[in-house]
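Asks:
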Amino acid sequence: MQPQVIAHSLAYLTLAAGMTIYVSVAGIVLGMGLGFAVCLARVSGNPVLTRAGAFYVSFFRGVPVLVQLLFIYYFLAEFGIDVPAMAAAIGGLGLASGAFQAEILRGALNAVPRGQAEAATAVGFSRIDIWRRILLPQALRISVPPLINEFTLLLKASSLVSVVGIAELTRVSMNIASSTYRPLEAYAGAGLFYLAINLCLAGLGILAERRLSAGSAR
Amino acid sequence: MKSTIYSMTRRDALKSGLIGAASAGAWLAGLRGAFADDTLANVKKRGELVIATEMQFPPFDISDNGTYKGVDRDLIDEVGKELGVKVKYLDLPWTSILPGLEARKFDLCIAPVTITKERMQRYLFTLPIADATAALMKRANDASIAKPEDIAGKAVGGQKGTSQLAQLKAFAAKLPKPVEVKEYVDNNQSYADLAAGRIDASVNSFPNLAYAASQRADTFAMVTPPFGTPTYFSWVGRLDDKSLIDAVNAAILATEGDGRMAKIQKAWFGQSFDLPKTVPEPQL
Numbered sequence: 207m208q209p210q211v212i213a214h215s216l217a218y219l220t221l222a223a224g225m226t227i228y229v230s231v232a233g234i235v236l237g238m239g240l241g242f243a244v245c246l247a248r249v250s251g252n253p254v255l256t257r258a259g260a261f262y263v264s265f266f267r268g269v270p271v272l273v274q275l276l277f278i279y280y281f282l283a284e285f286g287i288d289v290p291a292m293a294a295a296i297g298g299l300g301l302a303s304g305a306f307q308a309e310i311l312r313g314a315l316n317a318v319p320r321g322q323a324e325a326a327t328a329v330g331f332s333r334i335d336i337w338r339r340i341l342l343p344q345a346l347r348i349s350v351p352p353l354i355n356e357f358t359l360l361l362k363a364s365s366l367v368s369v370v371g372i373a374e375l376t377r378v379s380m381n382i383a384s385s386t387y388r389p390l391e392a393y394a395g396a397g398l399f400y401l402a403i404n405l406c407l408a409g410l411g412i413l414a415e416r417r418l419s420a421g422s423a424r
Numbered sequence: 438m439k440s441t442i443y444s445m446t447r448r449d450a451l452k453s454g455l456i457g458a459a460s461a462g463a464w465l466a467g468l469r470g471a472f473a474d475d476t477l478a479n480v481k482k483r484g485e486l487v488i489a490t491e492m493q494f495p496p497f498d499i500s501d502n503g504t505y506k507g508v509d510r511d512l513i514d515e516v517g518k519e520l521g522v523k524v525k526y527l528d529l530p531w532t533s534i535l536p537g538l539e540a541r542k543f544d545l546c547i548a549p550v551t552i553t554k555e556r557m558q559r560y561l562f563t564l565p566i567a568d569a570t571a572a573l574m575k576r577a578n579d580a581s582i583a584k585p586e587d588i589a590g591k592a593v594g595g596q597k598g599t600s601q602l603a604q605l606k607a608f609a610a611k612l613p614k615p616v617e618v619k620e621y622v623d624n625n626q627s628y629a630d631l632a633a634g635r636i637d638a639s640v641n642s643f644p645n646l647a648y649a650a651s652q653r654a655d656t657f658a659m660v661t662p663p664f665g666t667p668t669y670f671s672w673v674g675r676l677d678d679k680s681l682i683d684a685v686n687a688a689i690l691a692t693e694g695d696g697r698m699a700k701i702q703k704a705w706f707g708q709s710f711d712l713p714k715t716v717p718e719p720q721l
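Going down the list, the sequences are from chains A and B. Going left to right, the first sequence walks through residues 207 to 424 as our numbering numbers them. Going left to right, the second sequence walks through residues 438 to 721 as our numbering numbers them.
#1: Looking only at its own chain, which residues have a Cβ that is under 6 Å from the Cβ of B/L477, when we skip the five neighbours before and after it?
#2: May I ask you to list, following chain order, the residues of the region 649-681 of chain B that have a beta carbon less than 8 Å from some beta carbon of chain A?
#3: Please go through the same chain and pick out, in chain order, the residues whose beta-carbon is closer than 6 Å to the beta-carbon of B/A471, but skip the five residues on each side of it.
#4: How should A/G271 be labelled, buried or exposed, when 16 other C-beta atoms within 10 angstroms of its C-beta is the threshold for buried?
#5: Quick check on DSSP: helix, strand or coil for A/E309?
#6: Closer than 6 Å by C-beta to B/K614: which residues in its own chain qualify, once you throw out the five before and the five after it? Chain order, please.
#7: For B/P549, decide whether its Cβ has a neighbour in chain A, counting only Cβ atoms nearer than 7 Å.
#8: Who are the neighbours of B/P495 on chain A, taking C-beta pairs under 7 Å?
#9: Which bits of chain B does A/M380 rub up against, with CB to CB less than 7 Å?
#10: Does A/P389 have its Cβ less than 7 Å from a Cβ in chain B?
#11: Are the C-beta atoms of B/P644 and some chain A residue less than 7 Å apart?
#12: Among the residues of its own chain, which have a CB less than 6 Å from the CB of B/T666, if the five just before and after it don't count?
#13: So, do the region 566-578 of chain B and the region 637-649 of chain B have three or more beta carbon pairs nearer to each other than 8 Å?
#14: Does the distance from the C-beta atom of B/N686 to that of B/T599 stay below 7 Å?
#15: Note down the Cα distance separating B/L631 from B/E617, rounded to an integer number of angstroms.
#16: Look up B/N479 in the DSSP assignment and say whether it is helix, strand or coil.
#17: Residues bridged to B/Q493 by DSSP?
#18: Determine whether the Cβ of B/P585 lies closer than 7 Å to any Cβ atom of chain A.
#19: Per DSSP, what kind of secondary structure is B/L573 in: helix, strand or coil?
#20: So which residues of chain B does A/A283 contact, with C-beta pairs closer than 8 Å?
#21: Is the region 344-352 of chain A in contact with the region 314-334 of chain A, if contact means three or more CB pairs nearer than 8 Å?
#22: Determine, for A/V369, whether the minimum Cβ-Cβ distance to residues of chain B falls below 7 Å.
#23: Can B/L573 and B/A638 be called in contact, C-beta distance under 7 Å?
#24: Grab the span of the beta strand (DSSP E) containing B/I547 for me, first residue to last.
#25: Distance cutoff 7 Å, beta carbons only. Does A/Y280 sit that close to anything in chain B?
#26: Is the closest heavy atom of the ligand ZN to the C-beta of B/T656 under 6 Å?
#27: When the distance is taken between beta carbons, is A/L375 closer than 7 Å to A/F399?
#28: Taking C-alpha atoms, which residue in B/N625, B/L612, B/E718, B/R483 lies nearest to B/G595?
#29: For the region 623-639 of chain B, which residues have a beta carbon sitting closer than 7 Å to at least one beta carbon of chain A?
#30: Quick one: what does DSSP say B/G484 is sitting in, helix, strand or coil?
#31: Using 7 Å as the limit for Cβ to Cβ distance, is B/D407 near chain A?
#32: Determine which residues of the region 513-533 of chain B have a Cβ less than 7 Å from any Cβ of chain A, and write them out in chain order.
#33: Going by C-alpha to C-alpha distance, which of A/F281, A/V249, A/A243, A/L413 sits closest to A/I354?
#34: What residues in the region 218-238 of chain A have a beta carbon less than 9 Å from any beta carbon of chain B?
#35: Suppose contacts are defined by Cβ-Cβ distances below 7 Å. Is A/G300 in contact with A/G224 by that definition?
#36: When burial is assigned at 16 or more other CB atoms within 10 Å of the CB, is B/S533 buried or exposed?
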């Protein structure tokens with residue numbers, strides 16, 4: 207073990223960690239938007255929207271992210287649709303994550319007892335107020351732990367975007383391993399970066415949980 | 438009921454949908470055809486040649502702290518100068534490079550590809566850029582291996598699916614004692630197991646091994662001479678890009694003619710050697 211290999215490549219690894227954070231955060235944000243929309247479609251009660259939402263979830267949850275990335279980047283090019291590498295990377299991660307986030311939100315909504323919405327209707331709450339004041343605040347709080355789980359998984363899955371040529375953390379550590387002939391040190395360096403990023407994510411999750419549970423602490 | 442566009446039966450709707458999808462497909466295919474015109478002309482118009490390689494193949498392709506280096510880098514820069522264009526480098530995993538080439542994501546693959554009969558059916562090879570003859574590397578302190586035949590009865594590792602590993606198997610079959618062949622996803626794992634003593638030798642092309650041995654001289658040493666049939670590494674392009682490959686070949690010949698190739702070889706291999714002036718008939 208020669209720790210100086212990590213020290214020597216620190217700037218390169220840091221840059222790659224930045225790329226990993228960038229595509230992951232962009233994927234998470236895109237996934238949040240899509241997940242929210244798909245979840246609303248699935249609980250809307252409209253049969254077409256419900257079916258479309260269910261189809262989205264089963265497709266993007268069922269096809270491996272690696273296959274989706276290859277499809278977006280290489281297969282669409284066969285039809286003259288040239289998706290840039292970065293768009294393919296963020297799109298692939300975001301579309302897949304959207305499916306998981308939609309289901310997390312739907313599960314959280316279902317976990318809010320039905321009686322609450324019924325009671326609110328009975329005392330004259332409008333539909334919008336029921337969502338804004340009763341369903342969403344509780345559902346968001348319930349969904350924080352599984353959402354942080356999903357973000358952690360997405361961050362690790364972001365190593366797959368190297369197939370479209372994005373120099374993220376895992377890819378760069380492989381580059382370092384092959385140019386220095388010191389694989390152990392290079393992968394240990396990458397592992398430490400992943401761990402640090404995920405600890406930050408977990409910390410953010412704890413903060414979010416605290417904020418959202420203000421006033422309902424048990 | 439009269440079937441107008443506004444009151445279609447289900448079947449009509451399905452049919453028109455299918456026709457619509459088919460014509461969209463045809464339009465897209467036509468669009469692709471329009472893009473597929475001469476790559477060399479496009480490269481010159483853009484002023485940029487886009488190449489892809491996997492920067493994990495020293496000494497040909499190295500990403501040294503993010504800077505692309507190696508034999509391929511030096512040589513493609515000279516080719517770019519000859520063509521009068523800038524060169525843009527993409528780093529892709531090997532498994533994505535050939536699909537990317539066919540999907541026209543870049544112009545040329547400069548990852549060294551061993552010339553084989555099978556590959557010649559699908560891709561257009563440039564002139565050879567280096568020797569690819571299979572050789573062996575051992576631990577520096579292992580005195581029991583002095584020549585390739587000494588691997589009889591020992592364990593040897595190599596990268597799955599490579600021409601060099603196939604040659605090792607053929608070579609091992611002729612030895613008096615069986616050789617245990619271990620297959621790895623990439624050569625680094627084979628080298629790591631060699632260093633750790635799990636195997637007794639690693640197989641790869643001569644230039645790759647010679648460079649690895651020179652970088653970790655305390656750990657590795659070459660077993661000479663190379664045991665394999667003489668083969669070469671080339672770059673590859675799409676079958677329909679003959680004009681581009683011809684231009685690249687002319688540029689490679691120019692670098693061989695005025696000593697630039699020899700200089701690159703000395704810098705990375707420690708010695709210079711002559712390469713065939715035509716694409717050789719593959720022996721494998």
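Beta carbons: idealized from backbone N, C-alpha and C, even for Gly.
Replies: A quick look at the data gives this:
#1: Translated into the one-based positions of the second sequence, residue 477 of chain B becomes position 40. Answer for B/L477: S680, L681, A684, listed in chain order.
#2: Within the region 649-681 of chain B, the qualifying residues are A649, Q652, R653.
#3: For this step, residue 471 of chain B is matched to residue 34 along the second sequence. Any answer about B/A471 is weak, because its pLDDT of 48 lies below 50 and its placement is not dependable; what the coordinates show is given next. Excluding residues up to 5 positions away in sequence, nothing lies with its Cβ nearer than 6 Å to the Cβ of B/A471 in the same chain.
#4: By one-based count along the first sequence, residue 271 of chain A stands at place 65. Checking the displayed sequence, the identity of residue 271 of chain A turns out to be Val instead of Gly. Buried, since its Cβ has 16 or more Cβ neighbours within 10 Å.
#5: As a first step, residue 309 of chain A must be located in the first sequence, where it is residue number 103. Correct three-state label for A/E309: helix.
#6: Position 177 of the second sequence, counting from 1, holds the residue named residue 614 of chain B. Correct list, in chain order: A589, G590.
#7: Here residue 549 of chain B corresponds to residue number 112 of the second sequence, with the count starting at 1. Chain A, which has no Cβ nearer than 7 Å to the Cβ of B/P549, makes this no.
#8: If you number the second sequence from 1, residue 495 of chain B lands on position 58. Listed along chain A are S384, S385, each with a C-beta nearer than 7 Å to that of B/P495.
#9: For the purposes of this step, residue 380 of chain A is taken as residue 174 along the first sequence, with counting starting at 1. Result: Q493.
#10: On the first sequence, position 183 is the one that residue 389 of chain A refers to. Between A/P389 and chain B, the shortest Cβ-Cβ separation is below 7 Å.
#11: To locate residue 644 of chain B, count along the second sequence from 1; it is residue 207. No, no contact with chain A.
#12: The residue labelled residue 666 of chain B in the question sits at position 229 within the second sequence. The residues are Q720.
#13: Verdict: yes, contact present.
#14: For the purposes of this step, residue 686 of chain B is taken as residue 249 along the second sequence, with counting starting at 1. For the purposes of this step, residue 599 of chain B is taken as residue 162 along the second sequence, with counting starting at 1. Result no, Cβ atoms of B/N686 and B/T599 do not sit closer than 7 Å.
#15: Taking the first residue of the second sequence as position 1, residue 631 of chain B is located at position 194. Taking the first residue of the second sequence as position 1, residue 617 of chain B is located at position 180. The alpha-carbon atoms of B/L631 and B/E617 are separated by roughly 13 Å.
#16: One-based indexing of the second sequence puts residue 479 of chain B at position 42. B/N479: helix per DSSP, three-state reduction.
#17: One-based indexing of the second sequence puts residue 493 of chain B at position 56. Partner(s): B/I499.
#18: Counting from one through the second sequence, the residue named residue 585 of chain B turns up at place 148. Taking Cβ atoms only, chain A never reaches closer than 7 Å to B/P585, which makes this a no.
#19: Counted from its first residue, the second sequence places residue 573 of chain B at position 136. Reduced to three states, the DSSP call for B/L573 is strand.
#20: The count along the first sequence starts at 1 and reaches residue 283 of chain A at position 77. Correct list: A540, R541, K542.
#21: Yes: the two stretches touch, three or more of their Cβ pairs being nearer than 8 Å.
#22: Here residue 369 of chain A refers to the residue found at position 163 of the first sequence. At a cut-off of 7 Å between C-beta atoms, A/V369 counts as an interface residue with respect to chain B.
#23: Within the second sequence, the letter at position 136 stands for residue 573 of chain B. Within the second sequence, the letter at position 201 stands for residue 638 of chain B. Cβ atoms of B/L573 and B/A638: closer than 7 Å.
#24: Stepping through the second sequence from its first residue, residue 547 of chain B is reached at position 110. Element bounds for B/I547: 545-551.
#25: For this step, residue 280 of chain A is matched to residue 74 along the first sequence. So, interface residue.
#26: No copy of the ligand ZN occurs in the structure displayed, which carries no ligand at all.
#27: Residue 399 of chain A sits at position 193 when you count from the first residue of the first sequence. Residue 375 of chain A sits at position 169 when you count from the first residue of the first sequence. In contact: A/F399 and A/L375 (Cβ atoms closer than 7 Å).
#28: Here residue 595 of chain B corresponds to residue number 158 of the second sequence, with the count starting at 1. Comparing Cα-Cα distances from B/G595 to each of B/N625, B/L612, B/E718, B/R483, the minimum goes to B/N625.
#29: If the cut-off is 7 Å between Cβ atoms, the region 623-639 of chain B has N625, Y628, A629 near chain A.
#30: Start at 1 with the first residue of the second sequence, and residue 484 of chain B comes out as number 47. The answer is coil: DSSP assigns B/G484 none of H, G, I, E or B.
#31: There is simply no residue 407 of chain B to check, as chain B begins at 438 and stops at 721 in what is shown.
#32: Flagged, chain order: L527, D528, L529, P530, S533.
#33: Along the first sequence, one-based indexing puts residue 354 of chain A at 148. It is A/L413 whose Cα lies nearest to the Cα of A/I354.
#34: Of all residues in the region 218-238 of chain A, Y218, L221, A222 have a Cβ within less than 9 Å of some Cβ in chain B.
#35: As a working mapping, residue 300 of chain A is identified with position 94 in the first sequence. As a working mapping, residue 224 of chain A is identified with position 18 in the first sequence. A/G224 sits away from A/G300, with the two beta carbons spaced by 7 Å or more.
#36: Along the second sequence, one-based indexing puts residue 533 of chain B at 96. Buried, by the Cβ-count rule.
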